[in-house]
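With UniProt numbering applied, the sequence shown covers 1 to 205. Note that CB positions come from ideal geometry on N, CA and C, so glycine has one too. One structure is given below, encoded as structure tokens.
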Amino acid sequence: MTSKKLTALFAPAIFVLIIDQLTKWWVRTTPELHNKTLIEGWLQFYFTKNPGMALGIDVLSTPVISTIAILAVTGILVYVMRHIYAASIGYLVCMGLILGGAFGNIADRIFMGIIGGYGGVLDGHVVDFIYFSLEINDWTVFPYIFNIADVAISASIILLLVFNKRFFVAGTLDGTEPEETSETDIPDSIDPETPPAKNSSSDQL
């Protein structure tokens with residue numbers, strides 16, 4: 001396991017985690033940012049706390065969602081670490097972004113209930129604040145509020161889809177082409193122009 005591959009995986013993850021938590025803390029503790037227009041008709045901060053899943057889906061309790069998220073991210077991390085020798089740098093960077101974003105939202109679920117005084121561990125709500133307010137004919141183009149962690153996860157998934165041929169070539173993670181057999185691979189003892197010997201049983205037929 002090379003340090004280069006470990007850096008490619010964990011550097012983006014740590015960076016996203018730090019930026020995500022800093023921006024959430026900044027918006028959460030600054031009342032004037034709770035509802036602030038950045039680009040009129042396009043982008044604004046709108047502070048909210050999401051107790052459910054992505055895109056506002058709320059079909060399970062917050063502790064259950066938190067537990068599922070922790071198990072899922074742990075599984076992803078174990079999978080990536082088990083295949084890190086065969087993984088390409090691009091793949092590891094994308095997975096680092098996904099892990100960093102996932103851990104950023106999990107940190108909210110673990111600690112925000114305690115920090116906000118409305119619950120315990122795993123009761124925390126995810127802090128969201130980025131809102132695209134663009135409307136067309138009174139219809140909001142993207143009505144969901146999200147955060148930096150969500151941006152990192154979405155961007156990495158898009159990169160994996162767009163560059164999948166670079167990251168996953170010939171069914172491998174390292175993006176290397178399978179070796180092709182050439183004339184130089186033929187042993188010296190075999191003459192390529194010599195026809196194969198006939199099977200003795202076929203001579204009898």
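For residue i: DSSP bridge partner residues
i           : result
PHE132      : LEU43
TRP139      : ILE136
THR62       : Per DSSP, none; premise fails for THR62.
residue 211 : Residue 211 is absent from the structure shown; the chain starts at 1 and stops at 205.
VAL80       : Per DSSP, none; premise fails for VAL80.
THR37       : GLN44
LYS49       : VAL127
Rounded Cβ spacing between residue i and residue j (contact assumed at less than 8 Å)
i      : j      : result
ILE145 : THR48  : 5 Å
ALA102 : ILE153 : 7 Å
VAL27  : ILE148 : So it is not a contact: roughly 10 Å between Cβ atoms.
Proximity to residue i [Cα-Cα], best of the options
i      : options                       : result
ASP150 : LYS4, THR67, ASN105, SER3     : ASN105
GLY120 : PHE129, ILE130, ASP108        : ASP108
ASN50  : SER66, ASN35, LEU71           : SER66
ILE130 : THR30, HIS34, SER3, THR29     : HIS34
TYR118 : SER3, PRO63, TYR46            : PRO63
VAL162 : THR140, GLY90, PHE142, VAL141 : GLY90
SER3   : ALA69, LEU60, MET81           : MET81
Same chain, Cβ closer than 8 Å to residue i, neighbours up to 5 away in sequence not counted
i      : result
ILE84  : MET1, LYS5, LEU6, LEU9, LEU92
GLY100 : PRO12, ALA13, ILE14, PHE15, VAL16, LEU17, ASP20, ALA149, ALA152
ILE76  : MET95, ILE98, LEU99, ALA102
THR30  : none
Own chain, CB closer than 6 Å to residue i, minus 5 neighbours either side, in chain order
i      : result
LYS24  : VAL127
LEU160 : CYS94
THR37  : GLN44
ASP203 : Residue placement at ASP203 cannot be trusted, given a pLDDT of 48 that sits under 50; the coordinates are not used to answer.
ASP174 : Note that ASP174 scores a pLDDT of 46, beneath 50, so its modelled location is shaky; the value from the coordinates is reported in the next line. ALA86, SER88.
VAL73  : ALA102
VAL141 : LEU134
Cβ shell of residue i (< 7 Å), same chain only, five flanking positions each side left out
i      : result
ALA155 : LEU97
GLU180 : Residue confidence for GLU180 is low, a pLDDT of 45 falling below 50, so the modelled location carries little weight; the figure read from the coordinates is stated next. There are no such residues.
Next on the checklist: Would you call the segment 160-169 in contact with the segment 101-117, where contact means no fewer than 3 C-beta pairs closer than 8 Å?
Outcome noted: no
Checklist entry - With a cut-off of 8 Å, do at least 3 Cβ pairs link the segment 117-125 to the segment 29-42? => result no
Checklist entry - Do three or more CB pairs link the segment 131-141 to the segment 91-108 at distances below 8 Å? => result no
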